[in-house]
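Just below is one structure, and these are the notes that go with it.
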Amino acid sequence: MASATTLSSVSESETQQQKAHNLLFKTKAKAPAAQTVEEEWFSYIAEPTDPSNDALVYWQASKAKFPTIYSMAIDILPIQGSAVPCERVFSSGKMTATDQRNRMGGDLMKELQMLKFQFKQGHSLSFTQGLSMDEEIFDLESLGKQEIYLYVATSK
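For what it's worth, the numbering used here labels the leading residue of the sequence shown as 889, then goes sequentially.
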């Protein structure tokens, strides 16, 4: 009699396990299957286009809709259409970093390149821009006094 009770309890526990399994896995709402690359491509091509949209903004918004194409677009978009601007930068850098200036640090090199670019754009370097004439004269006079004090202090 004890064996019959044990057998019925085992079969009951199996049915409870089956019920739990069915509850967890079979009746659970299935997530939509991921699109294949071809399906993703065809849905992307079918979308209407708006040339006034910024490409980066569009791809940020479409990241979830087209994940595969998004990852490719983010790799491809930063590529420059022409190598001419890069070549100009390297040529300008070569003229700045000569054999006589070979110990120049990266920060100074960057600043010199930026200054050269500003000069080529027609901007001049002004240390008194934005000052009134009185302020400019005062600054120049105070610099002159400092130089006199330095000269006197070093000549002793």
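The beta-carbon is built from N, C-alpha and C at its ideal position, and this holds for glycine as well.
Here F954 is not near E935, since their CB atoms are 7 Å or more apart.
The three-state reading of DSSP puts A961 in helix, counting H, G and I together.
A contact between stretches requires three or more CB pairs, one per stretch, nearer than 8 Å, and the stretch 976-987 meets this requirement with the stretch 995-1005. Selection T903, K1008, A952 evaluated against R976 yields K1008 as nearest (Cα-Cα). In this chain, the alpha helix (DSSP H) harbouring K1004 covers 994-1008.
DSSP places G981 within a helical segment (H, G or I) once states are collapsed to three.
Going by C-alpha positions, F1026 is about 16 Å away from S1014. Boundaries of the alpha helix (DSSP H) around E926: 925-934. When rounded, the separation of the alpha-carbon atoms in A943 and M1021 is 49 Å.
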